[in-house]
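Taking it in order: structure first as structure tokens, then the write-up.
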Amino acid sequence: MKKNIIVGAIVILFLMIVSSYTIFYRSQQPMLQAQKEATAIAEENANIQKVQDFYWYNGSETYFTLAGIDGNNEELYVIIKKDGGETTVLNTAEVVTESEAKSITQADKKPERILEARLGIENEEPVWEVTYKNANDTIGYYLISAISGKWLKDIENI
Numbered sequence: 001m002k003k004n005i006i007v008g009a010i011v012i013l014f015l016m017i018v019s020s021y022t023i024f025y026r027s028q029q030p031m032l033q034a035q036k037e038a039t040a041i042a043e044e045n046a047n048i049q050k051v052q053d054f055y056w057y058n059g060s061e062t063y064f065t066l067a068g069i070d071g072n073n074e075e076l077y078v079i080i081k082k083d084g085g086e087t088t089v090l091n092t093a094e095v096v097t098e099s100e101a102k103s104i105t106q107a108d109k110k111p112e113r114i115l116e117a118r119l120g121i122e123n124e125e126p127v128w129e130v131t132y133k134n135a136n137d138t139i140g141y142y143l144i145s146a147i148s149g150k151w152l153k154d155i156e157n158i
């Protein structure tokens, strides 16, 4: 009797692990597919040879951004509009980088923790959307111009 209970518990545990892995794997497929397609566009339009990071930005429109190195060994951001594939290429030496955007947010908002930053386009201007967590466990979004580093918009206490 005890042996049957133990075997049953092991089978149920195994099925739960396999189910959890399957759900996680399937949930990652849209992100992986978007990154794959964005990489192909970045290789074609900006000669990206090595991808270092991928951002999925959802503002007024959706953009996929790749940070990478081109054939001339320059670091670039390639921002690709989801609908239509319109591409904007920025040299990282000429714009605010992810770490700089996080530092600006930390200095301006003094959050408990910076969660992430995403690069996209709002009103035809490249922007960093930095997500942060406040001490009162609320989330905020801080939009910074990727060109000037100046504040554009802040959404707090979500």
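Using my numbering, you'd call the opening residue of the sequence shown number 1 and step up by one each time.
C-beta: ideal position from N, C-alpha, C; glycine also.
Owing to the predicted nature of the structure, the values given are computational and were not obtained by experimental measurement.
The region 42 to 56 makes contact with the region 82 to 91: 3 or more CB pairs, one atom from each, lie closer than 8 angstroms.
Between the region 117 to 129 and the region 60 to 77, the count of C-beta pairs closer than 8 angstroms reaches three or more; the two stretches touch. The beta carbon of Thr87 lies closer than 8 angstroms to those of Ile41, Ala42, Asn45, Ala46, Val78, Ile79, Ile80 and Lys81 in the same chain, with the five residues before and after it left out. Boundaries of the beta strand (DSSP E) around Asn58: Ile48 to Asn58. For Asp70, DSSP records a beta bridge to Ile48. Around the beta carbon of Thr65, a 10 Å sphere encloses 16 or more other beta carbons of the protein chains shown; the residue is thus reported as buried.
In this structure, Gly68 lies near Val51, with their beta-carbon atoms less than 8 angstroms apart. In the three-state scheme derived from DSSP, where H, G and I count as helix and E and B as strand, Ile114 is classed as strand.
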